[in-house]
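Numbering (the working numbering), first residue to last: 1 to 328.
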């Protein structure tokens, strides 16, 4: 089976990696260096589709279930995406399925030994950072030393991220691995059909993952992020889009000048509840002059839908599009 690249960039180093696992073919797609995240593994190829898979998160598990291969999942190393499917309009049945998956580490992501002990042929997730960058997680080389291959979603952050190509590519890659390309294409079409029908309004949008504090710059997401794509697909304009990387900062005065008409609070990275974060942002003295605060357009979106590729990006975009559409 021909391999596909797991991510793309203008420049990259080629390395076929290990093929030690039983069932792996001798050739694989080239590995592509990635601008901000750790190097993305090449998409592995198998003589026969993997029978045992561990997902690094339940966002990846959701894709496998929708591709009809959820029965191959022997465990998940993180359930932090599960709750977001509880109220999903597009995937109403996924929550119970994801909640019932064996959790290899209920304490967090320090699960290297448990992932390897499960003896999967494939470990997959929606973030390259889950391969060794989070404390206690297995790196790609550690997996390979145990005859296991990794595959992750990989946004190309070498330029502005303005669509959900990373999600599409990840789904296509899994479709190739499990020899279900038609199901992968059908799932991608379903996601595309659910995108909000918006133009490019130019409505300025500020994305926050924490409440701004006095005396500090206001940090937001740059152009090279999934958040930028979600805002763009929603018809808005990320006020951080002129910054090429993943993060950028503005003074309170600069934010006031850019005057975001919608503020999106990416919840889940703070101990505060979504309502508490919205209230805190709305009450922040640094944001009182913005159109978003003055007109009550501060909305909460889970960071798991906003900041990473996945099936729920389109639902996040739809919620933001509703707020953008209110701007006259």
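Just so you know, even glycine gets a beta-carbon here, dropped at the ideal spot from N, CA and C. Computed from a predicted structure; not experimentally measured.
Asked: Looking at C-beta atoms only, is the number of pairs between the stretch 307-319 and the stretch 125-133 that lie closer than 8 Å three or more?; Found: yes
Asked: So, for residue 237: in the same chain, excluding its five sequence neighbours on each side, which residues have a beta-carbon less than 6 Å away from its beta-carbon?; Found: 202, 204
Asked: Taking C-alpha atoms, which residue in 145, 299, 54 lies nearest to residue 402?; Found: This structure does not reach residue 402, given that the chain is present from 1 up to 328, and the question cannot be answered.
Asked: Taking only runs of the alpha helix (DSSP H) that begin and end inside the stretch 205-275, which ones reach a length of at least 4 residues, in chain order?; Found: 226-233, 252-258
Asked: Span of the alpha helix (DSSP H) holding residue 60?; Found: 58-66
Asked: Looking at C-alpha atoms only, which residue of 165, 100, 89 is the closest neighbour of residue 365?; Found: Beyond the ends of the chain as shown, which are 1 and 328, falls residue 365; an answer cannot be given.
Asked: Between 217, 243, 223, which lies nearest to residue 254 when the distance is taken from Cα to Cα?; Found: 217
Asked: Using C-beta distances below 6 Å, list every residue in its chain close to residue 269, excluding the 5 sequence neighbours before and after it, in chain order.; Found: 209, 303
Asked: Tell me the residue span of the beta strand (DSSP E) that contains residue 54.; Found: 53-55
Asked: Would DSSP call residue 47 helix, strand or coil?; Found: coil
Asked: Write down the C-beta distance between residue 160 and residue 228 rounded to the nearest angstrom, noting that I regard them as a contact closer than 8 Å.; Found: 6 Å
Asked: Pull up the CB-CB distance for residue 224 and residue 245, whole angstroms please, since I reckon it's below 8 Å.; Found: 5 Å
Asked: Go ahead and pull the three-state DSSP assignment for residue 181.; Found: helix
Asked: So, does the stretch 290-301 touch the stretch 247-264, judging by three or more C-beta pairs under 8 Å?; Found: yes
Asked: Provide the residue span of the beta strand (DSSP E) that contains residue 75, from first to last.; Found: 73-76
Asked: Tell me which same chain residues have a C-beta within less than 6 Å of the C-beta of residue 327, skipping the five on either side of it?; Found: 203, 261
Asked: Are there three or more Cβ pairs, one per stretch, closer than 8 Å when the stretch 189-198 is compared with the stretch 312-320?; Found: yes
Asked: Our contact map puts residue 167 next to residue 186 with C-beta atoms below 8 Å; I'd like the distance itself, whole angstroms only.; Found: That belief does not hold up - the Cβ atoms of residue 167 and residue 186 are roughly 14 Å apart, past 8 Å.
Asked: Is it a yes or a no for the stretch 139-150 touching the stretch 61-75, going by three-plus beta-carbon pairs under 8 Å?; Found: no
Asked: Kindly indicate which residue of 115, 170, 101, 163 has the alpha-carbon position closest to the one of residue 41.; Found: 170
Asked: In or out: residue 137 buried (at least 16 other Cβ within 10 Å) or exposed?; Found: buried
Asked: Is there contact here, the stretch 277-287 with the stretch 55-62, by at least three beta-carbon pairs under 8 Å?; Found: no
Asked: Tell me whether residue 293 sits in a helix, a strand or coil according to DSSP, three-state version.; Found: helix
Asked: In the structure shown, what three-state DSSP assignment does residue 278 receive?; Found: helix
Asked: At what residue ranges does the stretch 108-192 contain a whole run of the beta strand (DSSP E), taking only runs of 3 or more?; Found: 122-125, 149-152
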